[in-house]
Every structure is written in structure tokens, then in C-alpha cells.
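Trainee: Below is a structure I'd like to ask you about.
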Amino acid sequence: MILPPATLGMLGGGQLGRFFVSAAHEMGYKVWVLDPDPHSPAGLIADRHLVAAYDDYVALDTLGSGCAAVTTEFENVPADTLDYLTKFIPVHPAASAVAVCQNRIAEKSFLADNGLPHGPFAAIRSEDDIRNANAGLFPAVLKVARFGYDGKGQARVADRDEAVAAFQHFKGEPCVLEKMLTLDYEVSVVLARDEAGNVRCFPTGENRHRNGILDVTIAPAQASACLRDNAQEIAERIAEKLGYVGTLGVEFFVCRGELFVNEMAPRPHNSGHHTIDACDVSQYEQQVRALCGLPLATPRQHSAAVMVNLLGELWYEDGKGHGAYREPDWSLLHAVPGLRLHLYGKHHARPGRKMGHFVVTGDDAAAVLERALAARAAIGIRDE
Ligand code: ADP
Ligand code: MG
């Protein structure tokens, strides 16, 4: 067991890393963050911020010799970096598990090979693969296999010709072509798994997206108990098959009442932010526990919760990314009972950039949802 005041390493300095740093600090650990951005949200509050690229081996030597164990908050950390660090210290999750989650072709193949439910897809490495793809896949979404996030690197395509044009636009990068599914709604499961194979799930949450980016999470999901349990079981199987150690997020589509795995995130998940406010243990504390070999807590959600993401466009006069740059009027949110605001300290707001979020908690799920949606409108988030 790694106990305080040990120093933990974090690859990636985004908001997920920042919440990990806070959780680790609460528990008495020190944290060193490696992120190339000198203003990274986690780097700003870390005990030490190594401002370096993920493949800077001098910085990795420093991290490896100064920390007791290392984890990640950024799924695009090169697998070689994780492998290299295992020479010094325990690295969780392992490079092999991260590698599956960071490549959509590997991810979909993993689901198919393990009999896990997923939507129809084809791996696309050439224009010929598009020509040979099953006609039943169209209309479809073409997604680059690597480095896509928040709906980036994706194109909706009606037919083969559009798919070829999109593939060329992505410069022939390997892609997956997914059938466009009609979604009833989306859910996700965040879980933690330790080295002995114990798994603890947080309650299944319901996710609403806007322009391909998570907008609202309702926790627990409004779905039936049966569907929520089923999602947890599938997520547990994924964690086992990956030999996963740490906090994992699994996204699902629900189509005609059936679950399909969309994708996995080898790190805490945006849809698990509310665990800080609504559960007796957060997804970030579980990440610390799994990394350090502490017994995992059994999460208990004590309040209904709704999380709303705050994106960069809110910092602009028209709420869409145009006009004068100004700070949103936070007093509007602080006036709402049961609302907690979390801002990430990012230097500059760009449209679509995740700048912060708020969580409303309470006893009554319907009232919490109503209050959260009213606060969302009050701060200026509009549905087009
Ligand atoms: P990201 O890495 O950006 O989260 P996702 O693959 O999860 O990428 O896609 C983002 C969102 O786009 C999904 O949560 C869903 O709302 C929508 N989407 C993605 N793929 C499909 C699909 N095959 N059918 C219908 N909607 C989709
Ligand atoms: Mg996603």
C-alpha cells in the first residue's frame, strides 16, 4: 500500500487531473503533474508541475524517480510513455488497457472479440474499405481512430461518396465507420477496479449531449433499474477483460431499449464529476485508492444530482462565441439552493472548451433536474 505523504504522478493536467490532485491532497498525498501546457488546470495546483512533452524522457525520468506510482487523466498519453515508466514505478491503468481505449479500431475490435454489445461498424484504413463496407452502415458517422474528442474528428456521412470525401478530409487517417443509430438516450457507468480484481461501480448516469459534447448528466439515470444494472454489469466485464486498474468510464447508447457500448475512457469521466458532490466517495478518490492499493470504497450516492457543463462560448457576449469577452455572472448560480460551482482555472475560454461545471443536488430527483435546467438557462445556455 502506498500511504501518505507519498508523492503520486499524474500524466495530463486537465480538469480531471485537477480533481485528482485535490482528492489526493485531501488524503495527504503530494502530486506531480506532467503536462506541456504551463497553465494546465492540474499543473496550477500540483506540488510540482513538469512542463514537458509526454515523450520527454528526461522529464519521465524525473517523474519516475520522484513518485511512488503514476496514473493518467489523458487518454492520448503514448503507450510507450506508460511502458517506459513501469521500469521505475507502478503505472495504473496499464499501457495495454489504455492502448485499447485510445484507438477506436482497437476498441471496437475488443468489444467484438469479447462478445460485448456494440453498434455496427467497419474499420477503415483505405478508400477500398469504404467501397467494401456493408451498405447497411449508411447513413453513418466516420470517426478518426485516434485523438478525437468532444465530437472532434467526426463526420456524419449519408453515403459512400460522402464517406470517401470525409476520409480524404481526415487525410487518410485510420477511421471507424459507424452506423448512425437512432438513440433513445445515452448512459454511462464510472467504476473503479483494484489490482485484486475488486470492482465498485457508481450508479449509472444519463447523458445529454449538445453539438457532440456532454451537456448534462442526470444521476442516477432515469432509466429502469434493470437497464442501469445491466450497464454496470457490462462495464464490469469490460474492466475485467482489460485487466483494468483505476477509474474507468464506459459510455453507452440506448437504442429501442437495448444497450450498446459506445466507447471507454481510461480515466475518470466527465459524467462522474457529480460524485464529488453527491456521493460519499468521488471517482477521483477511487482513482487514488486504486493507484495506491488502498481498499476501494463502496460508493453510496446520498443525493440525486444533475451536472451541467460550462463551455467557453458562455464567456462571450452572445453566449455563442461572438462579441465581447466577459466573465459569466456567477452570482446567478450561487443563488441557487443546492448548487455547487466548479471552475477549472483555464486561462482562456474558446467555444466548446470545457471551462467548468455545476452540480445541483437534493432529495427529490425531479426537483433537482428542474432547478439545474433553470440554472442552465439563467447562466445563458440556450438550446438551438
Ligand atoms: P467523443 O470521443 O467525442 O465523446 P463519441 O463517439 O462518444 O466521441 O461521440 C460523441 C457523441 O456523438 C455521442 O455521445 C453521441 O451523442 C453522438 N454519436 C456518436 N456516434 C454515434 C452513432 N454511431 N450514432 C448516433 N449518435 C452518435
Ligand atoms: Mg464520447
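So the sequence shown is numbered by our numbering: it starts at 752 and just counts up by one.
Beta carbons are placed, not taken as given, at the ideal position from N, Cα and C, and that holds for glycine.
(1) If you compare alpha carbons, which of Ala1055, Leu862, Ala830 and Asn949 is closest to Ala1117?
(2) If contacts are defined as beta-carbon pairs under 8 Å, then Ala1057 and Val1119 qualify, I think. What distance do you get, rounded to the angstrom?
(3) According to DSSP, what are the bridge partners of Thr822?
(4) Below 7 Å, is the gap between the Cβ of Asn1013 and the nearest heavy atom of the ligand MG?
(5) To test your reading of the DSSP string, which unbroken alpha helix (DSSP H) runs of 4 or more residues are found completely within the stretch 904-990?
(6) My understanding is that Leu1090 touches Ile1130, with C-beta atoms under 8 Å, so please give their C-beta distance in whole angstroms.
(7) From Asp812, Ile796, Ala1048 and Tyr900, pick the residue whose C-alpha is nearest to that of Lys781; which is it?
(8) Buried or exposed, going by whether 16 or more other CB atoms sit within 10 Å of the CB of Ser791?
(9) For Lys1105, which beta-bridge partners are listed by DSSP?
(10) Pick out whichever of Arg911, His920, Val895 and His843 has its Cα sitting closest to the Cα of Gly904.
(11) Out of Glu937, Glu991, Val950 and Pro925, which has the shortest C-alpha to C-alpha gap to Leu965?
(12) With contact counted as at least three CB pairs below 8 Å, one residue from each stretch, are the stretch 861-875 and the stretch 913-927 in contact?
(13) By the DSSP assignment, the alpha helix (DSSP H) with Lys781 in it spans what residues?
(14) Give a yes or no on whether the minimum CB-CB distance between Gly948 and chain B is below 8 Å.
(15) Taking all protein chains shown into account, do 16 or more other C-beta atoms lie within 10 angstroms of the C-beta of Leu759, making it buried, or fewer, making it exposed?
(16) Which residue from Asp935, Arg951 and Glu946 puts its Cα closest to that of His960?
(17) Any heavy atom of the ligand MN closer than 7 Å to the Cβ of Gly763?
(18) Count the other C-beta atoms from every protein chain shown that fall within 10 angstroms of the C-beta of Lys1071, then say buried if there are 16 or more, exposed otherwise.
(19) Looking at Glu1002 and the ligand MG, is the gap between the Cβ and the nearest heavy atom below 7 Å?
(20) Any contact of the stretch 940-956 with the stretch 980-991, i.e. 3+ C-beta pairs under 8 Å?
(21) Take the Cβ of Met752 as the centre, count every other Cβ of all protein chains shown within 10 Å, and call the residue buried at 16 or more, exposed below.
(22) Once DSSP output is grouped into helix, strand and coil, what is the label at Asn1021?
(23) Report the start-end ranges of each alpha helix (DSSP H) in the stretch 809-867 that is 4 residues or longer and not cut off at the edges.
Mentor: Once the coordinates are examined:
(1) Taking the sequence shown and counting its residues from 1, one reaches residue 1117 at position 366. Comparing Cα positions, the closest option is Ala1055.
(2) By one-based count along the sequence shown, residue 1057 stands at place 306. By one-based count along the sequence shown, residue 1119 stands at place 368. According to the sequence displayed, residue 1057 carries Val and not Ala. About 5 Å; that satisfies the 8 Å criterion.
(3) Locating residue 822 in the sequence shown gives position 71, counting from the first residue. Looking at the DSSP output, Thr822 bridges to Met761.
(4) Looking up residue 1013 in the sequence shown gives position 262. Checking every heavy atom of the ligand MG against the Cβ of Asn1013, one is found closer than 7 Å.
(5) When DSSP assignments are scanned along the stretch 904-990, the uninterrupted stretches of alpha helix (DSSP H) that are 4 or more residues long and fall wholly within it turn out to be 911-920.
(6) Here the question's residue 1090 lines up with position 339 in the sequence shown. Here the question's residue 1130 lines up with position 379 in the sequence shown. At roughly 10 Å, the Cβ-Cβ gap does not stay under 8 Å, so Leu1090 and Ile1130 are not in contact.
(7) For the purposes of this step, residue 781 is taken as residue 30 along the sequence shown, with counting starting at 1. Restricting attention to Asp812, Ile796, Ala1048 and Tyr900, the CA atom closest to the CA of Lys781 is found in Ile796.
(8) Walking along the sequence shown from the start, residue 791 turns up at place 40. The residue is buried, with at least 16 neighbouring Cβ atoms inside 10 Å.
(9) Mapped onto the sequence shown, residue 1105 falls at position 354. Under DSSP, Lys1105 shares a beta bridge with Leu1062.
(10) Taking the sequence shown and counting its residues from 1, one reaches residue 904 at position 153. Of Arg911, His920, Val895 and His843, the smallest CA-CA separation from Gly904 is found for Val895.
(11) What you label residue 965 is simply residue 214 of the sequence shown in a count that begins at 1. Among Glu937, Glu991, Val950 and Pro925, the Cα nearest to that of Leu965 belongs to Glu937.
(12) By the criterion of at least three beta-carbon pairs nearer than 8 Å, the stretch 861-875 is in contact with the stretch 913-927.
(13) As a working mapping, residue 781 is identified with position 30 in the sequence shown. Bounds of any alpha helix (DSSP H) do not take in Lys781; it lies within the beta strand (DSSP E) bounded by Lys781 to Leu785.
(14) Reference to chain B is not applicable here, since this structure consists of a single protein chain.
(15) Position 8 of the sequence shown holds residue 759. By the neighbour-count rule (16 or more Cβ atoms within 10 Å), Leu759 is buried.
(16) Your numbering for residue 960 matches position 209 in the sequence shown. The shortest Cα separation from His960 among Asp935, Arg951 and Glu946 belongs to Asp935.
(17) Here the bound small molecules are the ligand ADP and the ligand MG; the ligand MN is not part of this structure.
(18) By one-based count along the sequence shown, residue 1071 stands at place 320. Only exposed fits Lys1071, as fewer than 16 other CB atoms lie within 10 angstroms of its CB.
(19) For the purposes of this step, residue 1002 is identified with residue 251 of the sequence shown, where counting begins at 1. Flag set: Cβ of Glu1002 near the ligand MG.
(20) Judged by Cβ distances under 8 Å, the stretch 940-956 makes contact with the stretch 980-991, as three or more pairs qualify.
(21) Position 1 of the sequence shown, counting from 1, holds the residue named residue 752. Met752 should be labelled exposed.
(22) Position 270 of the sequence shown, counted from the start, is the residue given in the question as residue 1021. Helix, per DSSP.
(23) Segments of the alpha helix (DSSP H) lying fully in the stretch 809-867: 830-836, 846-852 and 855-864.
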